[in-house]
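S.K.: Under the numbering used here, the first residue of the sequence shown carries the number 2, and numbering increases by one thereafter.
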Amino acid sequence: MILDALRALTERAEPFAAILLMPAPPEGRTPPASGDAPSAADRIRTLKLIRPGLTAFCRGLAFVAPADIPAERAEAIHSDERLWGCPTTATEDVTAARAWAEARMRACGISPG
Numbered sequence: 002m003i004l005d006a007l008r009a010l011t012e013r014a015e016p017f018a019a020i021l022l023m024p025a026p027p028e029g030r031t032p033p034a035s036g037d038a039p040s041a042a043d044r045i046r047t048l049k050l051i052r053p054g055l056t057a058f059c060r061g062l063a064f065v066a067p068a069d070i071p072a073e074r075a076e077a078i079h080s081d082e083r084l085w086g087c088p089t090t091a092t093e094d095v096t097a098a099r100a101w102a103e104a105r106m107r108a109c110g111i112s113p114g
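Next up, the structure:
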């Protein structure tokens, strides 16, 4: 899950920028059964716990998502610093996301790699 990966990055206590691939749900997908996925409340709680680390170490989150992602996910990835605690961008293009993330790191004086 994305929040778990972000938590791991913040625990390293080093500056980073991340490219997050957000796949579209499969066609005809039914909502997950209770217990299969974290609830919205759990995701919010987790984000609140890791937000200080994101603010301190994250130089940017680049979300790569198809245009037809569900509204809840689209709202979250377009929430920028208000939600995530660091700069964000959203695109459908992985190359553009990578270029943005690398530019964010260079702007902080860090060589991307």
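Each residue gets a CB set at the ideal place from its N, CA and C atoms; glycine is no exception.
(1) Between 23, 14 and 110, which lies nearest to residue 65 when the distance is taken from Cα to Cα?
(2) Counting only the same chain and skipping the five closest in sequence on each side, list residues whose C-beta sits under 8 Å from that of residue 113.
(3) Could you check how far apart the C-beta atoms of residue 11 and residue 62 are, in whole angstroms? I think they sit under 8 Å.
(4) Please confirm whether residue 99 and residue 20 have their CB atoms less than 8 Å apart.
(5) How close, in whole Å, do the beta carbons of residue 87 and residue 59 come, if the pair is a contact with beta carbons under 8 Å?
(6) Return the CA-CA distance between residue 57 and residue 97, expressed in angstroms with no decimal places.
(7) Is residue 19 helix, strand or coil by DSSP?
(8) Flag this pair as yes or no: are the beta carbons of residue 4 and residue 51 separated by less than 8 Å?
M.R.: Quick answer:
(1) Position 64 of the sequence shown, counted from the start, is the residue given in the question as residue 65. Comparing Cα-Cα distances from residue 65 to each of 23, 14 and 110, the minimum goes to 23.
(2) On the sequence shown, residue 113 is found 112 positions in, with the first residue counted as 1. Residues 18, 102, 103, 106 and 107 of the same chain have their beta carbon placed closer than 8 Å to that of residue 113, with the five preceding and five following residues left out of the count.
(3) Indexing the sequence shown from 1 puts residue 11 at position 10. Indexing the sequence shown from 1 puts residue 62 at position 61. About 12 Å separates the two Cβ atoms, so there is no contact after all.
(4) Numbered from 1 along the sequence shown, position 98 holds the residue referred to as residue 99. Numbered from 1 along the sequence shown, position 19 holds the residue referred to as residue 20. In terms of Cβ geometry, residue 99 and residue 20 form a close pair [threshold 8 Å].
(5) One-based indexing of the sequence shown puts residue 87 at position 86. One-based indexing of the sequence shown puts residue 59 at position 58. At roughly 4 Å, the Cβ-Cβ gap stays under 8 Å, so residue 87 and residue 59 are in contact.
(6) Walking along the sequence shown from the start, residue 57 turns up at place 56. Walking along the sequence shown from the start, residue 97 turns up at place 96. Computed Cα separation, rounded: 24 Å.
(7) Taking the first residue of the sequence shown as position 1, residue 19 is located at position 18. Judged by DSSP in its simplified three-state form, residue 19 adopts strand.
(8) Here the question's residue 4 lines up with position 3 in the sequence shown. Here the question's residue 51 lines up with position 50 in the sequence shown. Remark: C-beta atoms of residue 4 and residue 51 approach each other more closely than 8 Å.
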